[in-house]
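Worksheet: the structure to be examined is printed underneath.
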């Protein structure tokens, strides 16, 4: 189990909180990763929509949406981070801050998102391709 004080975990929580707060109002003092996520928001939201077609983006709980946006961004961009770590972190944040079904919704959507991120080879127990 990861440490609650792991700096990478704490950074993900900070980014999640900034994304969540930004869904209500502009946050001028947000981490730079939030700006990077926002610069790819159209692509990220398209992937989320494909992974959860029964839930339009506007109807997804804002906590779940913030968690998904961060995780999908990491799947697309943070190629040095293992897929399993990204999904595990997202599910943990969803458990902590979301509702009863948030963690299972996030887990299911991210399992589907793997194929759209080009990381499916990692899920087949093969080492990632360079």
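Residue numbers (full-length UniProt numbering): 1 to 130. From the three backbone atoms N, C-alpha and C, an ideal C-beta is built for every residue, glycine too. Computed from a prediction, not measured in an experiment: that's the story for all the values here.
8 Å Cβ cutoff met for residue 67 and residue 44: Here residue 67 is taken as the residue at index 67 of the chain shown, counted from 1. Here residue 44 is taken as the residue at index 44 of the chain shown, counted from 1. No, Cβ-Cβ distance for residue 67 and residue 44 is not below 8 Å.
Residue 117, buried or exposed, once every other Cβ within 10 Å from all chains shown has been counted against 16: Residue numbering aside, residue 117 sits at position 117 when the chain shown is read from its first letter. Counting Cβ neighbours within 10 Å, residue 117 comes out buried, since at least 16 surround it.
Host alpha helix (DSSP H) of residue 99 (start-end): Residue numbering aside, residue 99 sits at position 99 when the chain shown is read from its first letter. Taken as a continuous stretch (DSSP letters only), residue 99 belongs to no alpha helix (DSSP H), as it is neither H nor E.
Rounded separation between residue 112 and residue 51 - CA only: In the chain shown, the residue the question calls residue 112 occupies position 112. In the chain shown, the residue the question calls residue 51 occupies position 51. Computed Cα separation, rounded: 5 Å.
Cβ-based burial, residue 104 [other Cβ within 10 Å; buried from 16]: As a working mapping, residue 104 is identified with position 104 in the chain shown. Taking a 10 Å sphere around the C-beta of residue 104, we find fewer than 16 other C-beta atoms and assign the residue as exposed.
Assumed close pair residue 119, residue 70 - CB separation to whole angstroms, cut-off 8 Å: Residue 119 sits at position 119 when you count from the first residue of the chain shown. Residue 70 sits at position 70 when you count from the first residue of the chain shown. At roughly 16 Å, the Cβ-Cβ gap does not stay under 8 Å, so residue 119 and residue 70 are not in contact.
Those runs of the alpha helix (DSSP H) which lie wholly inside the UniProt domain "NusB/RsmB/TIM44" (37-113) and span at least 4 residues: Correct list: 41-51, 62-77 and 83-97.
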